[in-house]
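Chemist: Structure in structure tokens, see below.
Numbering (this note's numbering), first residue to last: 1177 to 1456.
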């Protein structure tokens, strides 16, 4: 159907993004292609070292999944912050990613973990990285005849802690700023890796690899984390809008980066301590 109708068609998954666009007449498709009767698009499984989540998996199902909590704590951290329970009951993982709102949580999680987005069309299958998939505000690399069918997130390394923090005007609103963070430590508590992705501060998820590199080889103590937060804040160029000014977003981003990294580092240290106790 997508091949037949092309840009005249819109895909309906959970309806939490498309239906508001229809209500406001911001989208006027000639055809709505409902995916809800198609089986096999909503699975959650572990496959070849990855957590594979079907695009039609409901956000609430992901939130309560034991597999998700076991294999991808960052995703588990982010899920409860998406809207409200009623929204997560209907909203889908693929729908949120395909909508590509720069203030949404799931694009930042996938970007932080360098996940794979699996696309299918009548022409075949291709796999995109987040930096290839997310192009601009509400814009992705998906062709009119293509469907996002799965997202694949790599298993997090041992002794890796995670955290997802955001600030919004009210619970359930889109985040003014959000931060997805992971920290990996060795058995001595020294940082060996980590990731940072921010939401709400650019047209797509914003990564901060240069700032994170300053943590490598040191213990993630308060001065080190404050330095990362300052570096991130200085490099951001968010736009002002009626919800928050650019300066406010820059300041909040730095604070949330420090807090998220501190929580992730604390969790990583706990995992390292548990590993040491297990060996003794």
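Think of the CB as a built atom: it goes at the ideal place given N, C-alpha and C, for glycine as much as any other residue.
#1: So what does DSSP say about residue 1446, is it helix, strand or coil?
#2: Counting Cβ pairs, one atom from each stretch, are 3 or more of them under 8 Å apart for the stretch 1254-1274 and the stretch 1229-1240?
#3: Given residue 1456, which residues of its chain have a CB within under 7 Å of its CB, disregarding the five upstream and five downstream residues?
#4: How many whole angstroms separate the CB atoms of residue 1205 and residue 1192, which I take to be in contact at a CB cut-off of 8 Å?
#5: Okay, do the stretch 1299-1315 and the stretch 1353-1361 touch, 3+ Cβ pairs below 8 Å being the bar?
#6: Quick check: the Cα distance between residue 1298 and residue 1276, rounded to an integer number of angstroms?
#7: What number of angstroms, rounded off, separates the C-alpha of residue 1342 from the C-alpha of residue 1350?
#8: Helix, strand or coil for residue 1410? Go by DSSP, reduced to three states.
#9: Using CA coordinates, which residue listed in 1377, 1294, 1221 is at the minimum distance from residue 1421?
#10: Would a C-beta distance cut-off of 9 Å place residue 1194 and residue 1320 closer than the cut-off?
#11: Quick one: measure Cβ to Cβ for residue 1252 and residue 1244, integer angstroms, because I've assumed they're closer than 8 Å.
#12: Run through the DSSP bridge pairs and tell me what residue 1229 is partnered with.
#13: Under the three-state reduction of DSSP, which class applies to residue 1377: helix, strand or coil?
#14: Output the boundary residues of the beta strand (DSSP E) element that contains residue 1349.
#15: Considering only the beta carbon of each residue, do residue 1366 and residue 1393 sit closer than 9 Å?
#16: Report the rounded CA-to-CA distance for residue 1259 versus residue 1347, giving the unit in angstroms.
#17: Which two residues bound the contiguous beta strand (DSSP E) that contains residue 1255?
#18: What's the call for residue 1449, buried or exposed, on a 16-neighbour Cβ count within 10 Å?
#19: If you follow the beta strand (DSSP E) that residue 1208 is in, where does it begin and where does it stop?
#20: Please name the residue in 1402, 1325, 1295 whose C-alpha comes closest to that of residue 1212.
#21: Quick check: the Cα distance between residue 1411 and residue 1424, rounded to an integer number of angstroms?
#22: Have a look at residue 1395 and residue 1309 and give me their C-alpha separation to the nearest angstrom.
#23: Which residue comes first and which comes last in the beta strand (DSSP E) that contains residue 1310?
#24: Indicate the three-state DSSP secondary structure (helix, strand or coil) for residue 1370 in the structure shown.
#25: Between the beta-carbon of residue 1339 and the beta-carbon of residue 1443, is there less than 9 Å?
Modeler: To lay it out plainly:
#1: helix
#2: yes
#3: Note on residue 1456: pLDDT 49, under 50, position unreliable in the model; the coordinate value appears next. Nothing meets the Cβ criterion.
#4: Contact flag wrong, Cβ pair sits at about 17 Å.
#5: no
#6: 23 Å
#7: 9 Å
#8: helix
#9: 1377
#10: no
#11: 5 Å
#12: 1220, 1327
#13: coil
#14: Run containing residue 1349: none; DSSP gives neither H nor E here.
#15: yes
#16: 8 Å
#17: That residue, residue 1255, is in no beta strand (DSSP E); it is neither H nor E in DSSP.
#18: exposed
#19: 1207-1210
#20: 1325
#21: 14 Å
#22: 34 Å
#23: 1310-1312
#24: strand
#25: yes
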